[in-house]
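Numbered according to our numbering, the sequence shown spans residues 1 to 210. Just below is one structure, and these are the notes that go with it.
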Amino acid sequence: MQRVLIIFAAILLLAIALLYSNQDRVKEAAYNKLTENMFVAADTDSFDPGPAVGSQFPGIYARYRGDTVRLLTDFAGPQGTAFVASRSLAWCPYCMKQMVQLQQHKAAFDAAGISLVAITYDSPAEQQAFADKHGITIPLLSDIDAMSFKTLGILNEQYQPEDTQYGIPHPGMIIIDPAGKVVGKLFIEAYSSRVDAAAALAFAQEALGR
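The following block contains the structure:
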């Protein structure tokens, strides 16, 4: 009996060691399964937070490379800006996958003269770790005290200041023209669904009249 227990313990320890050594691969496989149907072709629901289309983009209060950012002027493309509000690049698999896909389409956005800029509630260090791991060159802004998301009217009010997830936004995209006017928005109520990057680019071009 003792020998059986020893063998069982050895097998259990081996299984734990294998799982630990492959934890990143296991996590990635789980994330891929979870997010396999997350992209949709269009925003078809009535959920519509954020600044009204036709209004001036109100500005933000965020960090970027040690500086405080209040305007998107330095990030704007010649034809406009696609401003992406995302929950977290540290723990939200849908946000991670969307950002990777947007990076894959960044050249197409650039060719259309539309800049991509993203903002999350993550710390700059967490954002940089994600960017380094996945080769993200899209500017990642870090919201300060949820002020940007409050100002934009997209703060997820399901969470309270004492909650770990307090400060996350309703994820979406705001299209801003070169004059700073909001000309389009993509917000889907289900945080587990995001508009495909190619479809988002087509939407942005149409909203900007291109």
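No residue lacks a Cβ here, since even glycine has one placed at the ideal position from N, Cα and C. The structure presented is a predicted model; accordingly, all values stated were derived computationally and were not measured.
Proximity winner among the options, relative to residue i (alpha-carbon distances)
{"i": "S123", "options": "D177, K97, G50, Y64", "result": "Y64"}
{"i": "I219", "options": "D43, A30, P49, A41", "result": "Missing from the structure shown is residue 219; the chain here goes from 1 to 210 and no further."}
{"i": "P78", "options": "A108, I60, A112", "result": "A112"}
{"i": "T35", "options": "Y159, V183, V100, I176", "result": "V100"}
{"i": "P161", "options": "P171, A107, M147, M173", "result": "M147"}
{"i": "F109", "options": "G66, L71, I168, L201", "result": "L201"}
{"i": "I188", "options": "M38, D43, I11", "result": "D43"}
{"i": "T137", "options": "Q103, A204, A62, N32", "result": "Q103"}
{"i": "G54", "options": "Q205, E206, G184", "result": "G184"}
{"i": "L152", "options": "K106, A85, A207, Q165", "result": "A85"}
{"i": "D177", "options": "D163, E206, Y159", "result": "E206"}
{"i": "K150", "options": "W91, G59, Q128, K133", "result": "G59"}
{"i": "H105", "options": "A82, R87, E126, W91", "result": "A82"}
Beta-ladder partner(s) of residue i, from DSSP
{"i": "M147", "result": "None; M147 has no bridge partner."}
{"i": "Y64", "result": "D67"}
{"i": "I176", "result": "T81, V182"}
{"i": "R211", "result": "Limits of the chain in this structure are 1 at one end and 210 at the other, which puts residue 211 out of reach."}
{"i": "V195", "result": "V40"}
{"i": "Q56", "result": "K181"}
{"i": "F187", "result": "G172"}
{"i": "L155", "result": "P169"}
Own chain residues within Cβ distance below 6 Å of residue i, not counting five before or after
{"i": "F130", "result": "L89"}
{"i": "F75", "result": "S115, V117, P139"}
Own chain partners of residue i with C-beta closer than 7 Å, once the 5 adjacent residues on each side are dropped
{"i": "Q56", "result": "G180, K181"}
{"i": "D45", "result": "I188, E189"}
{"i": "R210", "result": "Q79, A112"}
{"i": "N156", "result": "I168, P169, H170"}
{"i": "L186", "result": "D43, G172, M173, V195, A200, F203"}
{"i": "A41", "result": "D196, A199"}
{"i": "R70", "result": "G59, I60, Y61"}
For residue i, three-class secondary structure by DSSP
{"i": "P93", "result": "helix"}
{"i": "F203", "result": "helix"}
{"i": "L141", "result": "strand"}
{"i": "T73", "result": "helix"}
{"i": "Q165", "result": "coil"}
{"i": "F83", "result": "strand"}
{"i": "Q160", "result": "coil"}
{"i": "A118", "result": "strand"}
{"i": "F130", "result": "helix"}
{"i": "I11", "result": "helix"}
{"i": "D110", "result": "helix"}
{"i": "P124", "result": "helix"}
Residue i beta carbon near the ligand NAP (any heavy atom closer than 7 Å)
{"i": "L89", "result": "With respect to small molecules bound, the structure shown includes none, and the ligand NAP cannot be examined in it."}
Cutoff 8 Å; reference residue i; Cβ partners in own chain excluding five residues on either side
{"i": "G135", "result": "Q103"}
Practice prompt. May I ask you to verify whether the region 75-95 touches the region 186-199, counting CB pairs closer than 8 Å and requiring at least 3?
Written response: yes
Item to complete: Take every Cβ of the region 114-128, pair it with every Cβ of the region 143-153, and state whether three or more of those distances are shorter than 8 Å.
Response: yes
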